[in-house]
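These notes concern the structure reproduced below.
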Ligand code: ZN
């Protein structure tokens, strides 16, 4: 039997993504170990302090196909070596479930890759929505100097498979070259 959910509302500040009423889940730099291409740069940065790289929400909606999980994703500006701050990225456990992201603030990219190796990049800028179709792993990357804030919504039973990306990585990474973001091969991909 499905758990009854009553109507409710949540506040998200469009500039910061933060909510006055709900806590975020925070991912710190130390939790991103091994995910950036340059391990030396990672260790040097971590030695300066364990910064928050990104934050997001789990509003605790029942994980059923009739509910829609949603929240704000907040990726802070920064780089590990020349690689921009990013989310870990994930496939959905129910692989063929999609997600939509609507950019509220900042500049960035959504990197998407399916198991067959097809790769797509869409730009985030305020007012732009990015559709992530089913089967595509997705990672938000902050290529700007301000906080990247996006609002996301997906089928609540989709689930998150972080392990595949933690083990294999994405085939491509996004680095800064001459002050601009460029998509290059991930030297760690396997
Ligand atoms: Zn997702």
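In this note's numbering, the protein residues as written are 5 to 194.
A virtual CB, placed ideally from N, CA and C, is assigned to each residue, including glycine.
As the structure is a computational prediction, the values presented were derived from the model and not from experiment.
Straight-line gap, residue i to residue j (C-alpha atoms, nearest Å)
i	j	result
residue 49	residue 42	11 Å
residue 189	residue 113	16 Å
residue 65	residue 11	11 Å
residue 92	residue 8	32 Å
residue 54	residue 34	6 Å
residue 148	residue 111	5 Å
residue 182	residue 83	14 Å
residue 44	residue 70	45 Å
residue 139	residue 88	24 Å
residue 192	residue 27	34 Å
Best match in the options for proximity to residue i [C-alpha to C-alpha]
i	options	result
residue 78	8, 117, 32 and 171	32
residue 68	165, 117 and 159	159
residue 165	118, 23, 52 and 75	118
residue 86	80, 194 and 177	177
residue 163	95, 142, 194 and 23	95
residue 81	184, 57 and 136	57
Exposure of residue i, with buried meaning 16 or more beta-carbon neighbours within 10 Å
i	result
residue 144	buried
residue 72	exposed
residue 151	buried
residue 59	buried
residue 109	buried
residue 186	exposed
residue 61	buried
Own chain residues within Cβ distance below 6 Å of residue i, not counting five before or after
i	result
residue 46	40 and 84
Across the region 153 to 173 and the region 16 to 31, are there enough close Cβ pairs to call them in contact, namely three or more that are closer than 8 Å?
At 8 Å Cβ cutoff, the stretches touch.
Answer yes if the region 96 to 106 comes into contact with the region 56 to 65, meaning at least three C-beta pairs across the two stretches below 8 Å, and no otherwise.
No: fewer than three Cβ pairs fall under 8 Å.
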